[in-house]
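Going by the numbering used here, the sequence shown opens with residue 928, and the numbers climb by one from there. Heads up, the beta-carbon is just placed ideally off N, CA and C, and yes, glycines get one too. The structure appears below as structure tokens.
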Amino acid sequence: MKTILVPTEPNARMRSTLETALLVAREFKSYIEGFAVRVAVPNVVAMDVAPSGSLAFLEQENTEAARQSRELFEDFMREHGVSRSRQPQNAPTYGWRIVDLVGHRGRVFDLIVIGRPSDDPDGPHMSTFEDLLFESGRPILLAPPIPPAHIGRNVLIAWNCSTEQARATAAAMPFLARAEKVTIIAIDAATVPGPSAEEMVENLKLHGIEADTIALKGDNRTAGSVILDRARALGCDLVVKGAYTQSRLRQSSAAPPVIF
């Protein structure tokens, strides 16, 4: 995880996202790059509003938001003593870039860190998350609203035998290799045909990673709720989950970070 991309916007949860990214960067001595998330300009403008005026207003908003985003990002890095450089160092470094296509930029990074999407119109936005998820092809770490004390010491793998979960687990290998404890859970009502949790344990063992397995019975809750409840009960600080094979994970301020 030597390169980390952080989409930045001036919202209340951004500081927690930056704290989470810096936690990972300190562990792996990573380069963190920030960029400003732009508000999409609509293709259709209401007939009673002058199109040129509307577009100019939206562009002005984007310009101001980008200025605030850069200021927030760079002030945070300076506050935490992170040096500005793209050259490999024995400590985290940072940089800033102007980006038009969010998902495309993510393709050349090891990890993308973004706040959990919410209904708050100020963000983080679900559209940004989905663009990164479907266009970047890279793992995404969802930062919780309250920054964690550490990430990746006690890891939960939500194994459902799927291709998505296999990719997420492979992407999380740098975390798994450093973890003090790894637990694989499988919910019998939320799996697809594929290798069992025990087979994944065998694979991880060949990488020098020991893991325990827990088989759970399905109930009337969503798989995401069961996963997060078990993660909290086990004291996990990271959940590894493939995106969208099952229902989206429930939003919770107490939930650990999730890597997709």
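{"query": "Presumed contact (8 Å Cβ cut-off) between I1041 and L1059, rounded CB distance", "result": "7 Å"}
{"query": "Element boundaries [alpha helix (DSSP H), containing A1156]", "result": "Here residue 1156 turns out to be Asp, not Ala, going by the sequence shown. Segment A1150 to L1161, the alpha helix (DSSP H) holding D1156."}
{"query": "Residue burial classification, D1164 (beta-carbon count within 10 angstroms, cutoff 16)", "result": "buried"}
{"query": "C-alpha gap between F1000 and T935, whole angstroms", "result": "7 Å"}
{"query": "Inter-residue spacing [alpha-carbon to alpha-carbon] between S1012 and V951", "result": "17 Å"}
{"query": "Beta carbon of G1145 nearer than 7 Å to that of A1116", "result": "yes"}
{"query": "Presumed contact (8 Å Cβ cut-off) between A1124 and T1140, rounded CB distance", "result": "5 Å"}
{"query": "A1099 versus G1064: straight-line alpha-carbon distance, rounded", "result": "14 Å"}
{"query": "Close Cβ partners of P1122 (< 7 Å) along its chain, the five nearest in sequence each way excluded", "result": "C1088"}
{"query": "Cut-off 8 Å between Cβ atoms - residues of its own chain near A1104, not counting five sequence neighbours on either side", "result": "H1134, G1135 and I1136"}
{"query": "Under the three-state DSSP convention, the category F962 falls into", "result": "strand"}
{"query": "Collapsed DSSP secondary structure at K1108 in the structure displayed", "result": "strand"}
{"query": "Same chain, Cβ closer than 8 Å to A1070, five either side skipped, listed in chain order", "result": "R940, S943, T944, E946, T947, A948, V1040, I1041, G1042, R1043 and P1184"}
{"query": "Euclidean distance between Cα positions of Q1178 and I931", "result": "Reliability fails at Q1178, whose pLDDT of 46 lies under 50, so the model's placement of it is uncertain and no value is given."}
{"query": "Which residues DSSP lists as bridging A1142, in chain order", "result": "A1113"}
{"query": "Where V1022 sits in the DSSP three-state scheme", "result": "It is Gly, not Val, that sits at residue 1022 in the sequence shown. G1022: strand per DSSP, three-state reduction."}
{"query": "Check whether V1167 and T1090 have beta carbons under 7 Å apart", "result": "no"}
{"query": "Cβ neighbour criterion (16 or more within 10 Å) applied to A992", "result": "buried"}
{"query": "Selection from V1009, I1067 and N938 that minimises the alpha carbon distance to R1094", "result": "I1067"}
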